[in-house]
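Numbering (the UniProt record's numbering), first residue to last: 1 to 285.
For every residue, glycine included, the Cβ atom is placed at its ideal position computed from N, Cα and C.
Since the structure is predicted, the reported quantities are computational estimates derived from the model, not experimental observations.
First comes the structure, then the notes that go with it.
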Amino acid sequence: MAARSGDFSFEVVEGWGQGAGGRVFGGVTPAVATDSQDRVYIARRDPPAILVYDREGSFLSTLGEDLFKNPHSVWFNEQDQMYVADVDDHTVRKLDTEGNVLLTLGTADAVGAPGQPFNGPTWAVEAPWGDIYVSDGYGQFRVHRFSEDGTLLQSWGEEGTGPGQFALPHGIRVDSRGRVLVLDRTNRRMQIFDAEGTYQGEWPDLDGPNDLYIDGDGNVYMAEGRYRISVFDLDGELLARWGEQGDAPGQFANGPHGLWVDSQGDLYVAEVPFLDNRLQKFARV
Numbered sequence: 001m002a003a004r005s006g007d008f009s010f011e012v013v014e015g016w017g018q019g020a021g022g023r024v025f026g027g028v029t030p031a032v033a034t035d036s037q038d039r040v041y042i043a044r045r046d047p048p049a050i051l052v053y054d055r056e057g058s059f060l061s062t063l064g065e066d067l068f069k070n071p072h073s074v075w076f077n078e079q080d081q082m083y084v085a086d087v088d089d090h091t092v093r094k095l096d097t098e099g100n101v102l103l104t105l106g107t108a109d110a111v112g113a114p115g116q117p118f119n120g121p122t123w124a125v126e127a128p129w130g131d132i133y134v135s136d137g138y139g140q141f142r143v144h145r146f147s148e149d150g151t152l153l154q155s156w157g158e159e160g161t162g163p164g165q166f167a168l169p170h171g172i173r174v175d176s177r178g179r180v181l182v183l184d185r186t187n188r189r190m191q192i193f194d195a196e197g198t199y200q201g202e203w204p205d206l207d208g209p210n211d212l213y214i215d216g217d218g219n220v221y222m223a224e225g226r227y228r229i230s231v232f233d234l235d236g237e238l239l240a241r242w243g244e245q246g247d248a249p250g251q252f253a254n255g256p257h258g259l260w261v262d263s264q265g266d267l268y269v270a271e272v273p274f275l276d277n278r279l280q281k282f283a284r285v
């Protein structure tokens, strides 16, 4: 099955990760990312772990089986260091590709005080200047900013629908302009802040936005919960959109929840909820 819209064209790689040399994922997989070698890292909820595959879909290893409780997201910096937000453990961990913990934010198995890290953190990313931004969305309505060494610098956000308020801050990224982009899922928008959390604007009328990925050309890929992928430029102009509900390859049975684009331009999409063994790869053509 093909997915084509605007200048973006993909072919579904049927059976990726499930064939010879692969391994059944074994549970719901909410997020995906790739390192500089295009190895694919998949967050699995239950049993909790990070699964590692090569780009052809052959299983390589499992990380963090005794570390995580419910890994909700995975994100890589340019040094091949990953950040994993654990929604049930209330922590964010920075790890190398061997699974060694380099930094822990939050206290394991402890809910932060109101307004403080963390209560169900959803995503974590590192800015080019080293600061770490975390969306703390399931238990409260906050974004936290940390220094490179893990010192809390500031937090912002409260429940609501106005500028700088959130209903569920779910995904977060820092773009090439130094802006902090926060997907306010239940408010169906993306809010834009400067590096210190000052509100700059928003993209409205989204449909349950869960995650985003910004490629080297400034294309913003967005996983929206209502069975679709959208691509925007950095000014919010819609460039492409595709997706429909269904169980067939290339369709989405549930909400696209996490996505990533590798160095070859291929797109990986993870779906939730309650859909085992479903992570789709779309090869750019």
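Worksheet item: What do you reckon, are the CB atoms on residue 214 and residue 173 nearer than 8 angstroms?
Response: yes
Worksheet item: Distance, Cα to Cα, residue 85 vs residue 124?
Response: 6 angstroms
Discussion item. Would you call the stretch 130-138 in contact with the stretch 218-229, where contact means no fewer than 3 C-beta pairs closer than 8 angstroms?
Written reply: no
Practice prompt. Return the chain-ordered list of same chain residues with a C-beta closer than 7 angstroms to the C-beta of residue 272, the five sequence neighbours on each side being excluded.
Written response: 28, 30, 254, 255, 257
Worksheet item: Do residue 96 and residue 81 come within 8 angstroms of each other at the CB atom, strictly closer than that value?
Response: yes
Practice prompt. Return helix, strand or coil for residue 210, following the three-state DSSP convention.
Written response: strand
Worksheet item: Which class does residue 156 belong to by DSSP, given the choice of helix, strand or coil?
Response: strand
Worksheet item: In its own chain, which residues sit with a C-beta less than 6 angstroms from the C-beta of residue 117, not counting the 5 before and 5 after it?
Response: 106, 144
Worksheet entry | CA-to-CA distance, residue 72 to residue 57, given in whole angstroms | 21 angstroms
Fill in: Cβ separation of residue 10 and residue 2, assumed to be a contact under 8 angstroms, to the nearest whole Å
7 angstroms
Fill in: Uninterrupted beta strand (DSSP E) stretches inside the stretch 59-98 (no shorter than 3 residues)
59-63, 71-76, 82-86, 91-95
Discussion item. So if DSSP puts residue 271 in a beta bridge, which residue, or which two residues, is it bridged to?
Written reply: 256
Discussion item. Please state the DSSP three-state secondary structure of residue 228.
Written reply: strand
Fill in: CA-to-CA distance, residue 230 to residue 239, given in whole angstroms
8 angstroms
Discussion item. One question on the structure: do residue 87 and residue 121 come within less than 8 angstroms of each other, judged by their Cβ atoms?
Written reply: yes
Fill in: Three-state class that DSSP yields for residue 147 in the structure shown
coil
Fill in: residue 235 to residue 149 span [Cα, whole Å]
32 angstroms
Worksheet item: Near residue 75, which residues of its chain fall below 6 angstroms by C-beta distance, leaving aside the five closest residues on each side in sequence?
Response: 33, 83, 125
Worksheet entry | Distance, residue 104 Cα to residue 90 Cα | 11 angstroms
Practice prompt. Might you give, ordered along the chain, the residues of its own chain that have their beta carbon closer than 6 angstroms to the beta carbon of residue 139, omitting 5 neighbours on each side?
Written response: 119, 120
Practice prompt. Please state whether DSSP places residue 355 in a helix, a strand or coil.
Written response: For the chain, the structure presents residues 1 to 285; residue 355 sits outside this window and is missing.
Worksheet item: Can the beta-carbon of residue 163 be found less than 8 angstroms from the beta-carbon of residue 184?
Response: no
Worksheet item: If you draw a straight line from the alpha carbon of residue 47 to that of residue 41, how long is it in whole angstroms?
Response: 15 angstroms
Worksheet item: Can you tell me whether residue 224 is buried or exposed, with buried defined as 16 or more other CB within 10 angstroms of its CB?
Response: buried
Worksheet item: If we ignore side chains and look at the alpha-carbon of each, how far apart do residue 18 and residue 25 end up?
Response: 8 angstroms
Worksheet item: How about residue 64 and residue 99: are their beta carbons less than 8 angstroms apart?
Response: yes
Discussion item. Going by DSSP in three states, residue 140 sits in which element: helix, strand or coil?
Written reply: coil
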